[in-house]
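Last residue of the sequence shown: 300 in the numbering used here, with the numbers rising by one and none dropped.
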Amino acid sequence: WVGVALGRAQNKDSLFLLTQTVIIGSYLIAHGFFSVYGMCVDTLFLCFCEDLERNDGSQERPYFMSPELRDILLKGSAEEGKRAEDEE
213 WVGVALGRAQ
223 NKDSLFLLTQ
233 TVIIGSYLIA
243 HGFFSVYGMC
253 VDTLFLCFCE
263 DLERNDGSQE
273 RPYFMSPELR
283 DILLKGSAEE
293 GKRAEDEE
């Protein structure tokens, strides 16, 4: 009788420990993934800013960014309005 009770108690503890291990492991994996993802977004934004600074979109110095990226990141900025006037 006591052995059965101890067996069940150990089973509950091992289930709790297993659950905790899975939760902590999942958190570490997700944290690592999102850290890399965030670094990629920061790198793309830095490249976008460098492209705007070094190039002007002319034939001699064209932008390296895609037009879609430019439209998304310049949406609502004063520079977008200025560039639209220059293109007309």
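The beta carbon of each residue, even a glycine, is placed where N, CA and C say it ideally should be.
None of the values given here were measured: they were computed from a predicted structure.
Handout entry: Nearest-angstrom Cα separation, counted from C252 out to I236
Key = Numbered from its first residue, the sequence shown carries residue 236 at position 24. Numbered from its first residue, the sequence shown carries residue 252 at position 40. In a straight line, the C-alpha of I236 is about 24 Å away from that of C252.
Exercise for the section: Give a yes or no on whether the C-beta atoms belonging to D283 and Y275 are separated by under 7 Å. Expected result: One-based indexing of the sequence shown puts residue 283 at position 71. One-based indexing of the sequence shown puts residue 275 at position 63. The answer is no: Cβ separation not under 7 Å.
Practice task
Note down the Cα distance separating L256 from L281, rounded to an integer number of angstroms.
Solution key: Your numbering for residue 256 matches position 44 in the sequence shown. Your numbering for residue 281 matches position 69 in the sequence shown. Distance between the alpha carbons of L256 and L281 is about 10 Å.
Practice task
Give a yes or no on whether the C-beta atoms belonging to F260 and L229 are separated by under 7 Å.
Solution key: On the sequence shown, position 48 is the one that residue 260 refers to. On the sequence shown, position 17 is the one that residue 229 refers to. Against a cut-off of 7 Å, the Cβ pair of L229 and F260 comes out as no contact.
Handout entry: Where the alpha helix (DSSP H) containing L281 begins and where it ends
Key = By one-based count along the sequence shown, residue 281 stands at place 69. From DSSP, the alpha helix (DSSP H) with L281 extends over P279 to L285.
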